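Taken in order, these protein sequences are the chains called G, R and F. Mapping to the working numbering: the first sequence position 100 is 281, numbers consecutive. Mapping to the working numbering: the second sequence position 301 is 1522, numbers consecutive. Mapping to the working numbering: the third sequence position 161 is 327, numbers consecutive. Take a look at the structure set out below.
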Amino acid sequence: MKHYMKVGLFIPCYVDQFYPGAAIACLQLLEKLGVDVVYPKNQTCCGQPMANSGFEHLTGGCNDLFIKNFSEFDYVVGPSGSCVLHLKEHLHNSDNPEIAATLSNKLYEFTSFLTDVLKVKSQPARFPHKVGVHQSCHGQRGLHLSQMTELVAPEFSKPGSLLNMVKGIELVRLNRKDECCGFGGTFCVAEEAVSSKMGKDRVEDHLHNGAEYITGVDMSCLMHMEGILRRQGSKVKVLHIAEILNGE
Amino acid sequence: MSEIQNTTNHAELAEVFNNDEARVDWHDETLWWIRSKRDVAVNKISNWEVLREAASQIKNNVLSNLSNYLQQFESNALSNGITVHWATDAKEHNQIVLSILEKHSIHQMVKSKSMLTEECHLNDFLEANGIDVIDSDLGERIVQLAKEMPSHIVLPCIHKKKEEIGELFHQHLGTPAGNADPQFLTETARQHLRDTFLTRRAALTGVNFAIAETGEFVVCTNEGNADMGAHLADVHIASMGIEKIIPERKHLGVFLRLLTRSATGQPITTYSSHFKRPNKDKEMHIIIVDNGRSIQLGREDFRNSLKCIRCGACMNTCPVYRRSGGHSYHNAISGPIGSILAPNLDMEKYADLPFASTLCGSCTNVCPVKIDIHQQLYKWRQVIVKNGYVPAAKKASMQIMNWTLSSPTVYHTAGKAGRFVLKYAPFMVSNKLNPWYKHRDMPEPPKESFGEWYKKNRGN
Amino acid sequence: MTSREKILSAVKANQPDLAILPDVDFLLQEDIDVPEKFIAALTAIGGQVIAVENYAVIKAFIAKNVEQSSRKITTVSELADIAEYIEDNIAKPHSLENVDYAIIEADLAVAENGAIWVTEDKIRTRVLPFITQHLGVIVRRGGIVPTMHQAYNKIGLNDYGFATFIAGPSKTADIEQSLVLGAHGARSMTVFLMS
């Protein structure tokens, strides 16, 4: 099935540098789904690390680059709830506010693009393993990728619905469904003690409930948990959800 | 008498707290359990979200019409025979309390819970002026004996283990050493404080809600200590912040349904007492306190923090609060709400608090009055940096980051260099000087970035 | 400028544009099963509910379950033969310090949370329901409303000097979240539910 749209692939800086596998999976999966997708080579970063540290006033350069690289596309898709949320809330251009607003509207986190725009209903992927799903906070509470436990409201999950299409997969039940992993950007080093304790507790929840893999929509959370898993010498691996969906 | 910790910062205090991992687990699990009880309780109300929205809008109206409501409340309270005082700041509030007591030649007072009086450091002031103050709320009494500040606005001694409480009671109230049975300790407190209630001529309470329409105020407790104090004393003093106003009596239906479910998971506190007139031949005073609230009211991005009804749900859900403890916030009001209220009072002293968060957003979504807490935490960060309350090193590293990320060429070079160092000289990064490395391994450096892969495989 | 003037002028200068006060009367529509819900709610918070047909049953219950020698107070004239009857506000409420059992009546109760509502003139002296060791409350089935919204609807703008909702016995969980019944108020609460 061919979709008549041109999609720009936005790859967060740390995914580009440290987890190219996740980016490759996103690209390949979009191509398999019949999307004309391009990766603009001059993209860098969404600006979130500076903005969250109180330096939003320094993100003009990142904003300009983003607009320059991505305004031409019908949609912009990126494998990161937090980066996409940040851009949706903070992308602006004082010279041309409309351009930023239009671009924000075209911007989608990867799994929500699959469910909401491509309306994917089935996947040929196979992944016969026990998988723990980490609900990255910004994607969940910010972009409403899935329901949060704080609200009295019906359950739903966009990433969950995609994973349920994967053959053989077993999603483990966690004790705390949507507690934060503790990465939090520069928080991970500025408040190292609390951050690593939060990560340790998150990992323990998955291990305790039998997960062989931990997945989610944000590599930043997964990178943080992976750091703890490797320090523990654990065999449990982290994978971006695109890597599971893209598998055969 | 009570101790305020030296102003260190949250990260340092939290690090100390985390030295005892078992204790952190205990503190975290206890508070998560309370969050879970809250979830069970609120899910029994099918239109819970409708209630939150109603409360939020009522409070928005209150803030937008506060001047009129305060005057309406005062007028009605005066007609009811209540004496109304106004205090611009903590100092004035404390002075007013003292002068009321001195006028009646009273040297001993019993107090029920009031976070406002913690904010004003009332106990210290009164003690220094020869007034003996006994806190009657069990949790508050415990921290009073321990010479500490409460660590949570609803559960003052949630940071204390029962053995520690038993030891305090042994030292100060003469209970047997080693007895840590909550039933026995509570009974001891009951006997000890009963005598206090019966002999004190002055009682001070907080105010949960002040009704503009009728000039009455409501005090909610589980223990009954506010009532025991107020009804047996000759003089009842009630301290309230200007933001405690609600427009009409019927609005209590909304707020009383939200308050305790959010706080502890109970449908309502045991007692929700409505005080409208002083008792025959007795005096009732209310002190309306500003202490920085009118300034916060003028801050467009932060005024919504004044909607707070002091339920503490944000603290119970906050994964950082649960793992750092209330004292890490070095402020009377801790946790997420404390972190957006405190910088208004003293931006330099509390510059660290808005950064003690991952901005996960859980707080915003349990807040019964829909304060956008995590958005305000983000916005305070911008204000704090703009006002220069950020370490020079951080400022410098942010400038470098900006320079790197604003240019594709510099970014690509830096990325490649970083991966190279990680691969061939990991010890340069994976060492004690790198805070990430303390409890986490660094990520495995891939042989090429995605950008490089794309260039090779898709042509660009 | 007085402090009052300073505060009011600062507030007036800083308050935002008027936000409309929402209507909350639509919340009166919420309905739940009464009195089953009331009984369940009160029991869950440590209270006790005894169904009674008349005052004689209450008297029999008290004769059986409350120590003969204990000091009993009532504000209910029908019970004046088994307890000290008080009609007015007591000048020295401290004299109630040794009351073991107080039995009062409430015209209004709330099903969603097991609370009863009493005003000052119902309890005669403000400290009575708090200072007694044990509390008994007579509630009529017809006086139970579903939620707090209906309760405040019934209360309306009635005048009182003091009034209170009481939901179960006094309690605290301040010591390591262990629930203990009997903090500073009554140690137990029994509702006599009359048809």
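Glycine included, each C-beta is placed from N, C-alpha and C at the ideal position. Note that the structure is predicted; figures quoted are calculated from it, not measured.
Item                                                                                                                            : Value
Below-9 Å beta-carbon distance, R/Phe1641 vs any chain G residue                                                                : no
Contact belief for G/Phe191 with G/Val257 at Cβ below 8 Å, rounded distance in angstroms                                        : 5 Å
Cβ contact check for the region 377–392 of chain G and the region 410–417 of chain G: 3 or more pairs under 8 Å                 : yes
Integer-rounded CB distance, given that R/Ala1459 should sit under 8 Å from R/Val1331                                           : Actually they do not touch by this definition, with Cβ atoms about 13 Å apart.
Cα-Cα separation between G/Glu253 and R/Val1440, rounded to whole angstroms                                                     : 60 Å
Distance between G/Ser401 and R/Ser1223 (C-alpha atoms, nearest Å)                                                              : Note that R/Ser1223 scores a pLDDT of 38, beneath 50, so its modelled location is shaky; the value from the coordinates is reported in the next line. So the two alpha carbons sit approximately 42 Å from each other.
DSSP bridge partner residues for R/Trp1307 (one or two, in chain order)                                                         : R/Ile1509
Contact list for R/Ile1605 against chain G, beta-carbon separation under 7 Å                                                    : Gly235
Nearest-angstrom Cα separation, counted from R/Tyr1658 out to G/Val314                                                          : 25 Å
Helix, strand or coil at F/Met360 according to DSSP, with G and I counted as helix                                              : strand
Identity of the residues DSSP links to R/Pro1569 by a beta bridge                                                               : In the sequence as displayed, the identity of residue 1569 of chain R is Glu instead of Pro. Paired residue(s): none; R/Glu1569 is not in a bridge.
Chain R within 9 Å of G/Pro335, Cβ atoms only                                                                                   : no
R/Trp1624 to R/Ala1367 span [Cα, whole Å]                                                                                       : 51 Å
Residue interval of the alpha helix (DSSP H) (run including F/Lys155)                                                           : This structure cannot settle anything about residue 155 of chain F, because the visible part of chain F is limited to 167 through 361.
Residue interval of the beta strand (DSSP E) (run including G/Gly397)                                                           : Tyr394 to Gly397
Buried or exposed (CB count within 10 angstroms, at least 16 for buried), G/Ser327                                              : buried
The alpha helix (DSSP H) enclosing R/Glu1242, as first and last residue numbers                                                 : Glu1242 to Val1263
Check whether G/Gly320 and G/Asp399 have beta carbons under 9 Å apart                                                           : yes
Outcome for R/Trp1254 when other beta-carbon atoms lying within 10 angstroms are tallied against a minimum of 16                : exposed
At least 3 beta-carbon pairs within less than 8 Å: the region 1315–1333 of chain R vs the region 1514–1533 of chain R           : no
Exposed unless 16 or more other CB atoms sit within 10 angstroms - verdict on G/Met329                                          : buried
Beta strand (DSSP E) segment containing F/Ala329, residue limits                                                                : Phe328 to Ile332
Below-9 Å beta-carbon distance, G/Gln224 vs any chain R residue                                                                 : yes
Chain-order list of residues whose beta-carbon lies under 7 Å from that of F/Asn255 (same chain, five-residue window excluded)  : Arg290 and Thr291
Beta-carbon spacing of R/Ala1401, R/Arg1362 below 9 Å                                                                           : no
Residue span of the alpha helix (DSSP H) that contains F/Asp325, given as start and end                                         : Run containing F/Asp325: none; DSSP gives neither H nor E here.
Beta carbon proximity, R/Asn1297 to chain G, threshold 9 Å                                                                      : no
CB contact flag (R/Leu1574, R/Asn1552, <9 Å)                                                                                    : yes
Within chain R, partners of F/Ser236 - CB distance below 9 Å                                                                    : Within 9 Å Cβ-Cβ: nothing; F/Ser236 doesn't reach chain R, min ~17 Å.
Within the region 1525–1565 of chain R, ranges of the alpha helix (DSSP H) (whole runs, at least 4 residues)                    : 1534–1538 and 1540–1543
Residues sharing a beta bridge with R/Lys1312, DSSP                                                                             : None, per the DSSP bridge assignment.
G/Asp197, buried or exposed, once every other Cβ within 10 Å from all chains shown has been counted against 16                  : buried
Any beta strand (DSSP E) of 3 or more consecutive residues that is wholly inside the region 1333–1396 of chain R                : 1353–1356
Cβ pair G/Ala423, R/Phe1671 closer than 9 Å                                                                                     : no
Residue-level contact to chain F via CB, R/Pro1397, 9 Å cutoff                                                                  : no
Beta-carbon contacts of R/His1231 that lie in its chain and below 8 Å, excluding the five residues immediately before and after : Ser1545, Ser1549, Tyr1550, His1551, Asp1573, Leu1574, Phe1576 and Ala1577
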